[in-house]
Amino acid sequence: MLLYQQLEQQLREDIRSGQLAVGERLPSVRRICQQLQLSKSTVLTAYARLEAEGLIHARPRSGYFVSGQRTELKQPDHSQPVPTPLEVSADQVLLDIMRKGAAFDLLPSPAHCSGEGNEPLRRCLARAQRRQGSTEQHYYDDPQGLEELREQLAQRLAQGGGPIGSEELVITHGCQHGLLLALLATTQPGDVVALESPGFYGNFQLLQSLGLKALELPCSPSTGLSPEALELALQHWPVKVLMVSPAYATPTGACMTDEHKQQLLQLARGHNMAIIEDDIYAELHFGMRRPRTLYSYEKEQLQQTGQSVAQAGNVILCSSFSKCLSRDLRLGWVAAGRYRDAILQLKLSTAIASSRTLQLGVSEYLQQGGLDRFLRQRRIQLQRQCHQWLEQLAVALPGLQSSSQPTGGLSVWLELEPGLDTLQLYYPALREDVVITPGRLFTSQPRYQSFLRLSFAHPLTPERQAALERLGKLLGNAQPSAQP
Ligand SMILES: Cc1ncc(COP(=O)(O)O)c(C=O)c1O
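Residue numbers (my numbering): 163 to 646.
1) In chain order, what residues of the same chain have a beta carbon less than 7 angstroms from the beta carbon of Q424, not counting five sequence neighbours either side?
2) When you compare each of C548, G561, D534 and L636 to P621 by their alpha carbons, which one comes out closest?
3) Assuming contact is defined by CB atoms lying nearer than 8 angstroms, are L426 and V406 in contact in what I supplied?
4) Would you say the beta carbon of G601 comes nearer than 7 angstroms to a heavy atom of ligand 1?
5) In or out: G601 buried (at least 16 other Cβ within 10 Å) or exposed?
6) Rounded C-beta distance between I326 and A497? I'm assuming under 8 angstroms.
7) From G180 to Q172, what distance separates their C-alpha atoms?
8) Assuming Y527 contacts P282 under a Cβ cut-off of 8 angstroms, what Cβ separation, rounded to an integer in Å, is found between them?
9) Given a cut-off of 8 angstroms, decide if L235 and S565 are closer than it, judged by their beta-carbon atoms.
10) Indicate the three-state DSSP secondary structure (helix, strand or coil) for L182 in the structure shown.
11) Return yes when at least one heavy atom of ligand 1 lies under 7 angstroms from the C-beta of D440, else no.
12) Let me make sure I understand the geometry here. Which of G185, T204 and E186 has the alpha-carbon closest to that of I194?
13) By alpha-carbon positions, which one of P608, G581, D353 and A504 ends up nearest to L637?
14) For Q529, collect the residues of the same chain with a Cβ closer than 7 angstroms to its Cβ; drop the 5 residues on either side in sequence, then sort them by chain order.
15) Just checking F604 against ligand 1 - is the residue's beta carbon closer than 7 angstroms to any of the ligand's heavy atoms?
16) Can you give the Cα-Cα distance for A619 and Q543, rounded to whole angstroms?
17) Below 8 angstroms on the Cβ atoms is my contact criterion, and I expect P360 with Y610 to pass it. Report the Cβ-Cβ distance as a whole number of Å.
18) Assuming D440 is part of the beta strand (DSSP E), what are its boundary residues?
19) Beta-carbon of S617 versus every beta-carbon of chain B: anything under 8 angstroms?
20) List the whole-angstrom C-beta distance separating T584 from S612, where the pair is believed to meet the contact cut-off of C-beta under 8 angstroms.
21) Of all the beta strand (DSSP E) runs that stay within the bounds of the region 209 to 249, which reach a length of 3 or more residues?
22) With a threshold of 7 angstroms (Cβ to nearest heavy atom), would R223 be considered close to ligand 1?
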């Protein structure tokens, strides 16, 4: 255990046991440094992590103090979608949200994002742009993607549970593109695809475009997809593919247990079902380590029986830099198991290649350790913001019934007063300059009307707080319809 982790754990225990009481001032950073012979940065890191957890808070020029009990909201119940595959219907509201750039910000405007830039990344990209010779611009990049970038990514993915070869990866135009390629490689129109409910709206859009049927599966807001529910579904439906986000699924932020992941793999093997693993939020963990991937578990299991993922891998892992670094890069990757060659062909036919310049710039940024440095701060910031937003939501939103309590990712899933329809409130909220993400976008069924996804990706500035209050007023004035 690192020194800051030891200090963090000691202080956490002192707070939990009451040895450090609510409101009590923690020893000053200088005093702890002297007493325990620690460096200032070690102590500051431990304090910052406890602050992000909501256990302590800083007061300007006074030091750090133990925080009071947080308002504890209950978690939403397990979801119970209708166990029948259905055609999906697209939603104009989603297009409107995306056109406003508002999927992760209820008050989208660059004016509210000051101080959120990443200068080292910008420099690496600019250098790559300068270094690209004019002749290289007349050639497409290898459809599989730049070798240097794939090597960097393979090293990062090894932290998800085991070594990956750069040859297993194909670079894509973001995770959504990877998900599309994975579905194209594994399904035919009319096939049944099982997925989480509530689940990522992008998946429902893809199923609709490809003429696939969505079979929504019950999920827990804390541990995600239920293997028992999948097993039951497999007894009734010919499920071709399972789409799942084991690490901090959107909208709930749920994280699957390692035991459940192994059960999914066993079911996939028994039913010859492919699994599309969406790993996009995995690097945004509040705890010490990123969760293990299904891909790594499967690889380990296959190796024990003398097989490789290239021969027998059922899992296709998709991810991108959109959540952990920048949405604007439009750079993602797929680790495709036995579908690698099919996915490479599909990359060629849907996009030809990716931008060499971008890949070079990002690869240099990774090689310099830029992403690790960025994420160390970002994770602390996100955990702090998550607590701040949850506190405010409990105060500002009348009739709030429950909220998921994520341990990573970017969003919380909120249950409002029964009978409210958040989709109906989308345009009234817009007139108040607030963009909401209604629950109906996270399903293909007529459900989750009284739910909202809210993101803590951005700081709770006074402007966002005011937006939240306007939303609270709107909800307070809305008339819940009679319950069916
Ligand atoms: C779960 C999930 N998967 C995929 C995507 C799309 O990612 P990208 O921007 O890399 O295409 C998103 C974006 O919101 C997401 O939330």
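Where a beta carbon is used, it is the ideal one built from N, C-alpha and C, also for glycine.
Working from what's here:
1) Cβ within range, chain order: Y459.
2) Of C548, G561, D534 and L636, the residue nearest in Cα terms is C548.
3) Annotated as proximal: L426 and V406, with beta-carbon spacing under 8 angstroms.
4) Taking 7 angstroms as the cut-off, the C-beta of G601 does not count as close to any heavy atom of ligand 1.
5) The residue is buried, with at least 16 neighbouring Cβ atoms inside 10 Å.
6) Taking a contact as a CB-CB distance under 8 angstroms, the pair I326 and A497 counts as one, their CB atoms being some 6 angstroms apart.
7) C-alpha of G180 to C-alpha of Q172: approximately 12 angstroms in a straight line.
8) Confirmed, about 7 angstroms.
9) In this structure, L235 lies closer than 8 angstroms to S565 by Cβ.
10) DSSP places L182 in coil when its eight states are reduced to three.
11) If you check the C-beta of D440 against ligand 1, you find a heavy atom less than 7 angstroms away.
12) I194 has its Cα closest to that of T204, out of G185, T204 and E186.
13) For L637, the closest alpha carbon among the candidates P608, G581, D353 and A504 is that of G581.
14) Cβ neighbours of Q529 beyond the five flanking positions: Q314.
15) Using a cutoff of 7 angstroms, the CB of F604 does not count as near ligand 1, since none of the ligand's heavy atoms is closer than that.
16) A619 and Q543 have their C-alpha atoms roughly 9 angstroms apart.
17) With a Cβ gap of about 6 angstroms, P360 and Y610 count as contacting.
18) A436 to D440 is the extent of the beta strand (DSSP E) around D440.
19) Absence of chain B from the displayed structure is noted, only one protein chain being present.
20) About 7 angstroms separates the two Cβ atoms, so the contact holds.
21) Counting whole runs of 3 or more residues, the region 209 to 249 contains the beta strand (DSSP E) stretches 218 to 221 and 225 to 228.
22) In this structure, ligand 1 has no non-hydrogen atom nearer than 7 angstroms to the beta-carbon of R223.
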